[in-house]
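Notes follow the structure.
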Amino acid sequence: MCAFLHLPAKPAVSAILSVSHHLVCFVCFGGRGCRTRPPRPGVRGLRGGLMTATLPTHFSPGTPTPDSSYPGAFGPGGPAQPSLSGYDEFLPTGRTPLGDYLTFLWLPRRLPGWAEGTRRYRTWTVNTLLDSPLARRAIEDLGVLEIERYFAHRAITPWDTTGELPKAGSLKGLHDTLRASLNDAKKYGFIRDNPCTGVELPRADSTQAQIWTPEQVQSFLESTRRSRYVTLWRLLFATGLRRGEALGLQWADVDLVGRRLTVRRNLQADSREGNVRYGPPKSRRSTRTITIDPGTAEALDRWRRMRETEHGAWLADLEKRLNGYRTPGARLLELPRELPDDSPVFANPDGTPMLPSTVSDTFRRQVAKSGLPVMRLHDARHTHLTHLLRSGEPIQNVSAPAGHGSSFTTLTTYAHVIAGDDERTAARAAGLFGD
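In this note's numbering, the protein residues as written are 44 to 478.
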């Protein structure tokens, strides 16, 4: 009988990761073990004895990744299905390889709580780590020097898919995944300390965020005042919303009288299907209510009135075309005249949501036409948050409306902004002496 059906006589914790139908049985530790084979002394698994696990079928990141020689890697065509013998091959000394830990425990446990975009990105980082020498190393043996050596090599090794060297953001993403997974390993009791906390990443080319001054923001909005997108641009600069969050807004989420909007969903581009769909926000704290300034509320009110006019014109045109197909005596379907509450705030004339790629392309073209310093659409968010921090707004007051996972995220991301206030801080301290 399999250990999945028969618990050992001695106490053991059964961890069942039920994400898909690919079931992989492991030796049951801490007791008699699986009856289909004799127990192997000295071989231990995950804490409490990992008896069963399921290998998800939706781990494919959706983009090509380097081929991996590691048996647990998830390839573009779907995840591998490691066998029991393949698992045993990497447990000869009773230690847990990083690759097994990421594949069979950490990723399946974390995956359900992530938004689709985060799933794809984190899966890509796990695939990349599985393709590294670190994957075969026991997590108990990983050290700062070994991890720094890997990142130093990774920084000068071109990607197989593009031939380009990794950017600083890619290295940081790999490090973030490794650090988060080892933080969990520490929590589970597998390791005492997380070696990633002492790792220094190598310098690499990075895309610096372009921060506009208030005068530059106003100049851009003035130059695009006749554009269909000007209200969206203003909202992004005024609130720091992410692109998908702004495009995911529906009119039911907007209270123009109370000047509040609630982020409940994220508009995501599905590269495999070639369309867009609504998904959950990036994280749990990304679901939030934000207060908007009076000027932005007025801009949204004008935009709504324009959308109501467009909606009425679209209905009239639709009814006109439908009348041509109506049989004599048939009643025409009554269509709602008012703009539906569940319609997207930022929509095309026919009511369909604006495409994320179209929005970014339009922003890039309009920035180039304005003659202002080149910036990405996401830099509107950086501009908003940087302006708040430079004005002396407390970290916690900035972190929550931004939808950051914690104030620590805001602090680390914008540490350079806060460091720029050293002179002002020193001047305030001098006030103690009457200088």
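The beta carbon of each residue, even a glycine, is placed where N, CA and C say it ideally should be.
Predicted model only: the values in this text are computed from it and were never measured.
- Looking only at 182, 267 and 230, the smallest Cα-Cα distance to residue 142 is reached by 182.
- When the beta-carbon positions are compared, residue 343 and residue 224 stay at least 8 Å from each other.
- Of the residues 306, 184, 159 and 345, the one whose Cα lies closest to the Cα of residue 329 is 306.
- In this structure residue 300 is exposed. Its beta-carbon is surrounded by fewer than 16 other beta-carbon atoms within 10 angstroms.
- When DSSP states are grouped into helix, strand and coil, residue 298 belongs to the strand group.
- Per the C-alpha coordinates, the member of 303, 349 and 358 positioned closest to residue 336 is 303.
- If you look at residue 457, you'll find it isn't in any beta strand (DSSP E); DSSP assigns it neither H nor E.
- DSSP lists 312 as the beta-bridge partner residues of residue 319.
- A contact is defined here as three or more CB-CB pairs under 8 Å, and the region 152–169 fails this definition with respect to the region 230–249.
- Taking 8 Å as the cut-off, the Cβ atoms of residue 415 and residue 255 count as close.
- Spanning the alpha carbons of residue 286 and residue 399 requires a straight line of approximately 7 Å.
- Remark: fewer than three beta-carbon pairs, one from each stretch, lie closer than 8 Å, so the region 147–158 and the region 191–208 are not flagged as touching.
- Here residue 306 carries a strand assignment [DSSP, helix/strand/coil].
- Contact between residue 393 and residue 293 is ruled out by a C-beta separation of about 16 Å, above the 8 Å threshold.
- If one requires a minimum length of 4 residues, the alpha helix (DSSP H) runs lying completely within the region 386–431 are 399–413, in chain order.
- For residue 438, the enclosing alpha helix (DSSP H) has its first and last residue at 438–445.
- Beta-bridge partners of residue 333 (DSSP): 304.
- In the structure shown, residue 359 adopts helical secondary structure according to DSSP, grouped into three states.
- When DSSP states are grouped into helix, strand and coil, residue 259 belongs to the helix group.
- Excluding its 5 nearest sequence neighbours in each direction, residue 442 has C-beta neighbours in its own chain below 6 Å: 450 and 453, listed in chain order.
- In this structure, the alpha-carbon of residue 406 lies about 30 Å from that of residue 437.
- For residue 278, the uninterrupted alpha helix (DSSP H) run begins and ends at 273–282, by DSSP.
- Restricting attention to 184, 284, 448 and 179, the CA atom closest to the CA of residue 326 is found in 448.
- Considering only 160, 154, 138 and 151, the residue with the shortest C-alpha distance to residue 320 is 160.
- Here DSSP, grouped into helix, strand and coil, assigns residue 342 to helix.
- Excluding sequence positions up to five before and after residue 346, its CB lies within less than 6 Å of the CB of 274, all in the same chain and listed in chain order.
- Note that the C-beta distance between residue 446 and residue 323 is not below 8 Å.
- Look at residue 324 here: in three-state DSSP terms it is coil, with no helix or strand label.
- If you compare the alpha carbons of 232, 195, 230 and 432 with that of residue 214, the shortest gap goes to 195.
- Around the beta carbon of residue 439, fewer than 16 other beta carbons lie within 10 angstroms, which makes this residue exposed.
- Taking C-beta separations shorter than 6 Å and ignoring five residues to either side along the sequence, the partners of residue 389 in its chain run 275, 290 and 397, following chain order.
- Secondary structure of residue 176 (DSSP, three-state): helix.
- The three-state reading of DSSP puts residue 140 in strand, counting E and B together.
- Judged by DSSP in its simplified three-state form, residue 158 adopts coil rather than helix or strand.
- Closest option to residue 401, judged by alpha-carbon separation, among 318, 362 and 380: 318.
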